[in-house]
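*Asks:* This is the structure I want to talk about, given as C-alpha cells.
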Ligand code: C2E
Ligand code: CA
Ligand code: CA
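Printed below as a string of C-alpha cells:
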C-alpha cells in the first residue's frame with residue numbers, strides 16, 4: 001500500500017499564498033519514496049499530518065491502485081505525471097483531487113502540486129448529464145414519459161439498478177406519495193420489490209421516502225443495516241438491492257414558494273458509498289424534472305388554447321376538423337349537425353357585441369348540455385356551431401337531438417335584463433352516406449343548413465344532392481355580389497347603346513342603354529349574368545343610379561349627332577319600387593341639365609303587375625315629373641287589358657321571344673299582331689325587339705309596327721361606335 005511505501009515526512013512549511021489559492025504542495029525523496037506534504041495538501045487529503053501517519057487513508061479504494069502506480073513511476077523514473085483521484089470523508093463526502101508532478105529525472109527529489117478539482121468535476125458531470133437528459137427528452141411530450149426517461153438515464157449513466165418516482169396524489173382528502181414510473185435493470189427479478197412499492201401509499205414522514213418528502217433533505221438507506229421504517233426493506237433485500245438514495249423533486253412556483261412534486265429513489269445492487277456521484281446531481285435532476293413538469297403544464301395549456309374557441313370554450317373550427325378527420329378515419333356511421341343562428345346580427349347591431357357574445361356563450365352552454373356522451377360540440381366561427389353525433393346514433397335519435405338544439409336556440413337568452421331571442425337553422429349530413437371525408441361532410445351539412453334557411457329558418461334539413469346544387473349557386477352568388485361591389489368602385493361598368501328605329505325609313509328614334517361589365521382581365525360580362533344577382537341586394541339600386549348618371553353624361557353628345565333622340569333605360573324591380581326613385585331621378589337629371597322627357601324608363605310587365613299597388617303611384621309621379629315609361633318584354637301574359645288602361649305608360653316593347661317565331665309560328669305571329677293592334681288602339685308606341693331578319697321586318701311593316709329594335713337595324717354599340725355608325729348611315 002502507498003501508505004507503507006511512502007511514509008509521511010515532516011510537513012512542508014505553510015505558505016499563506018498557498019492557503020488562499022488552495023494549492024497543496026508535495027515533494028518526495030525518490031530513493032526512499034518518502035512523501036512530504038504542505039499543510040494545504042494534508043488538509044485536502046484529509047490526513048492529520050503526524051509523522052509516519054497514513055496520509056492516503058481517505059483515498060477512495062477503487063482509485064488507490066491508480067494513484068500508487070503513478071507515485072511508483074515518479075519514484076523509480078522521475079517521470080512527469082498528472083492524475084486524478086477521489087477522497088472520501090464523512091463530513092464532506094467525495095472530493096476530486098488532482099496530483100501533478102514535474103519531471104525529476106536525474107534529481108533526487110520529485111515535487112509537484114495537489115489541488116481540489118471537485119467543483120470543476122461536478123460542473124462538468126452536471127453539464128454532461130444535463131446535455132444527455134435534454135437530448136433524451138426531445139420529442140417527449142408527456143410528463144410521465146419524461147420522468148421515466150430521466151430515471152432510466154440516471155440509472156444507466158450512474159450505475160443504479162432501480163429508479164422510481166414517488167408522485168403526490170390526493171385521495172380521500174389526504175395527500176400521499178405513490179410509486180409511479182419505475183425503471184430497473186433487466187438482469188434480475190424485481191417483481192417482489194415492485195409489488196411492495198405499488199402497494200404503498202406513503203404519508204409525510206413515513207420511511208425514507210416520507211422523510212425526504214417531509215424534510216426536503218436527501219436520505220441514504222443501507223438495506224443491510226436493519227432500517228426501521230422502511231416497509232420494503234425485506235423485499236429489497238430479497239431482490240439483492242443494497243444501497244438506496246432518496247431526494248426530493250422541488251420547484252419554485254412563480255411566487256417564489258418552493259413546492260415538492262414528489263420524491264425520486266435509486267437503488268443499487270452493489271453497496272455504494274454515500275455521496276457517490278448522485279448527490280451532486282440530485283439538485284439538477286430535480287430541477288430538470290420540475291422544469292419538465294412545468295413545461296408540460298404549459299404545453300398542455302397551449303394545446304388546449306389552440307383547440308378551443310376562446311369565447312365559448314367549445315372546440316374551435318380547426319380542432320373540430322381534426323376530430324372529424326379522426327371520426328371519418330375510424331369508419332363508423334355518424335351524423336353531423338351544422339347549426340347557424342338566425343336573426344343573430346340584429347342582436348349584435350341592436351344591443352352591441354357584448355350582448356351578441358353573451359347569446360353565443362349561453363347557446364354554447366346549452367349545446368354542451370344537450371350533447372350526448374361521445375358527441376363533440378364546436379363553434380365554427382361567428383354564429384355557426386356544429387355538433388358531431390356519436391357513432392351509431394340512429395336517425396330517430398339524430399332527429400330528436402336536432403329538435404332539442406332548435407328548442408335550445410329558441411329559448412330566450414337574457415342579457416342585462418333584456419330577453420333576446422334567436423332561432424337556429426340546422427343541416428344534417430350523414431357519414432358515410434353523404435360524404436366520404438371531412439370536407440365533403442361539412443359541405444353536405446352546410447348545404448342542408450342553407451336549405452333550412454331558405455325554407456324559412458328554425459328548421460332541420462337533411463342533406464340532399466338537390467340542395468347541394470342550390471348551395472353552390474348561393475355561394476357563387478355571394479362571390480359575384482362582392483365582385484360587383486368592387487366593379488362599381490373600380491368603375492368597371494360601361495354602357496352600349498342599341499338603336500330603336502323607325503320601321504319605315506330606318507331613322508334612329510331612340511336608343512336603349514345596355515350595361516356591360518368589363519372585368520379586370522378584359523373579359524366583358526353580359527347583363528343577364530350579373531343583373532339578376534345584383535337584384536338580390538341593394539347593389540342593383542346603386543348600379544341603376546350609375547346607369548342613369550352615365551346616360552345623362554352621354555345624352556348631350558348623343559343628341560348632338562342624333563337630334564331629338566330619347567334614351568331608354570332599364571329598371572329592375574328593387575330600384576323601381578324604391579319610393580325615393582322619383583326624387584333621386586330628378587336630382588340626377590337636373591344636376592346634369594337633362595330634361596326628364598329625354599329618358600324612357602323601361603319596366604318589365606312582370607314587375608309592374610306583381611306590385612301594382614306600389615308601382616302605380618311611383619309611375620304616376622314619374623310621369624308627372626316628365627319622365628316617359630315603357631313596358632318591356634311585353635306579351636308574356638301578365639297584363640289584363642283593363643289594368644293596362646290604367647297604367648301611365650307611353651310604349652310597349654314586344655318581347656323578342658315572340659319575334660323568333662315570326663313569320664312561321666302562327667301563335668307567335670298572332671301575339672305580335674295583337675300587341676301591335678293593342679298599342680294602336682291605346683295610342684301607345686309599339687316597339688318590336690329582336691328584329692334580326694328581313695322577314696321579321698317585312699311582317700312588322702305589313703302589320704303596322706312603328707318601331708323596331710334588333711341586330712338587323714343595329715347591334716348595341718359603345719358610344720363612340722354608335723356615333724361612327726350613325727355617321728356612316730347618314731352619308
Ligand atoms: P332587355 O331589356 O330585353 O334588352 C334587350 C336585350 O336583347 C339586350 O341584351 C340586347 O342585346 C338583346 N338584343 C337586341 N337585339 C337583339 C336581336 O336582334 N336578337 C337577339 N337575340 N337579342 C337582341 P343584353 O344587352 O344582353 O341585355 C339583357 C338584359 O339585361 C336586358 O334585356 C335587360 O333586362 C338587362 N339589362 C341590360 N342593361 C340593363 C340596365 O342598365 N339595368 C337593368 N336593370 N337591366 C339591364
Ligand atoms: Ca329593355
Ligand atoms: Ca326586352
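Residue numbers (my numbering): 1 to 731.
We put the CB at the ideal spot given by N, CA and C, even for glycine.
In this text, all values refer to a predicted model and were calculated from it rather than measured experimentally.
1. Count the other C-beta atoms from every protein chain shown that fall within 10 angstroms of the C-beta of residue 617, then say buried if there are 16 or more, exposed otherwise.
2. Can you tell which of 45, 570, 684 and 676 has the C-alpha that lies nearest to the C-alpha of residue 647?
3. Could you compute how far the alpha carbon of residue 504 sits from the alpha carbon of residue 730?
4. If we count the other Cβ atoms within 10 Å of its Cβ and call it buried at 16 or more, is residue 568 buried or exposed?
5. I'd like to confirm something about residue 655: is its beta-carbon nearer than 7 Å to some heavy atom of ligand 2, or not?
6. Please say whether residue 512 and residue 531 have beta carbons closer to each other than 8 Å?
7. Could you name the residues that DSSP lists as bridge partners for residue 517?
8. For the beta strand (DSSP E) that contains residue 179, what are its first and last residues?
9. Determine, using beta-carbon pairs with one atom in the segment 63-83 and one in the segment 93-107, whether at least three such pairs fall under 8 Å.
10. Hey, residue 24 and residue 133: beta-carbon distance below 8 Å or not?
11. Under 8 Å, do residue 58 and residue 46 count as touching if we go by C-beta distance?
12. Could you say which of 671, 653 and 652 lies nearest to residue 661 if we only look at CA atoms?
13. Excluding the 5 residues preceding and the 5 following residue 415 in the sequence, name in chain order all residues of the same chain whose CB lies nearer than 6 Å to its CB.
14. Based on DSSP bridge pairs, tell me the residues matched to residue 501.
15. Any idea if residue 411 is buried or exposed, counting beta-carbon neighbours within 10 angstroms, 16 or more meaning buried?
16. Could you name the residues whose beta carbon sits closer than 6 Å to any heavy atom belonging to ligand 4, keeping them in chain order?
17. Just to check, is the beta-carbon of residue 500 closer than 7 Å to a non-hydrogen atom of ligand 1?
18. Between the alpha carbons of residue 244 and residue 219, how many angstroms are there, rounded?
19. Below 8 Å between beta carbons: does that hold for residue 270 and residue 235?
20. Under 7 Å from any heavy atom of ligand 1, does the C-beta of residue 450 make it?
21. Compare the beta carbon distance of residue 363 and residue 341 with 8 Å and say whether it is the shorter of the two.
22. Using C-beta distances below 7 Å, list every residue in its chain close to residue 381, excluding the 5 sequence neighbours before and after it, in chain order.
23. Residue 727 by DSSP, collapsed to three states: which one?
24. Quick one: is the Cβ of residue 415 within less than 7 Å of any heavy atom of ligand 1?
25. Do the CB positions of residue 517 and residue 496 come within less than 8 Å of each other?
26. Go ahead and label residue 333 buried or exposed: buried means 16 or more other beta carbons lie within 10 angstroms of its beta carbon, across all protein chains shown.
27. Kindly list the residues whose CB is nearer than 7 Å to the CB of residue 307, restricted to its own chain and excluding five residues on each side of it in sequence; keep chain order.
28. Which one of 360, 383, 693 and 387 has the shortest CA to CA distance from residue 370?
29. Measuring only the C-alpha atoms, how far is residue 21 from residue 15?
30. Take residue 147 and list the residues in its own chain whose beta-carbon comes closer than 7 Å to its own, dropping the five residues that flank it on each side.
31. Pair every Cβ in the segment 687-698 with every Cβ in the segment 715-729, then say whether three or more of these pairs are closer than 8 Å.
32. Tell me, which residues are paired with residue 418 by DSSP?
33. In whole angstroms, what separates the C-alpha of residue 142 from that of residue 296?
34. Skipping 5 residues on each side, what residues in its chain have a beta carbon closer than 7 Å to that of residue 240?
35. Just to check my reading of the structure: residue 557 and residue 719 have Cβ atoms closer than 8 Å, yes? What is that Cβ distance to the nearest angstrom?
36. Can we say the segment 400-409 touches the segment 441-454, given the rule of at least three CB pairs closer than 8 Å?
*Replies:* With the given structure in hand:
1. exposed
2. Minimum Cα distance to residue 647 is reached at 684.
3. 16 Å
4. buried
5. no
6. no
7. 493 and 525
8. Note, residue 179: beta strand (DSSP E), 174-184.
9. yes
10. no
11. yes
12. 671
13. 355 and 358
14. 508 and 708
15. Its Cβ having fewer than 16 others within 10 Å, residue 411 is exposed.
16. The ligand content of the structure shown is limited to ligand 1, ligand 2 and ligand 3, which means ligand 4 is not among them.
17. no
18. 8 Å
19. no
20. Not so, every heavy atom of ligand 1 lies at least 7 Å from the Cβ.
21. Going by C-beta atoms, residue 363 is nearer than 8 Å to residue 341.
22. Within its own chain, the residues whose Cβ lies closer than 7 Å to the Cβ of residue 381, once the five positions on either side in sequence are excluded, are 317, listed in chain order.
23. helix
24. False, no ligand heavy atom lies under 7 Å from that Cβ.
25. no
26. exposed
27. 315, 316 and 319
28. 387
29. 10 Å
30. 165, 181 and 289
31. no
32. 415, per the DSSP bridge assignment.
33. 6 Å
34. 188 and 269
35. Sure, about 7 Å apart at Cβ, within 8 Å.
36. no
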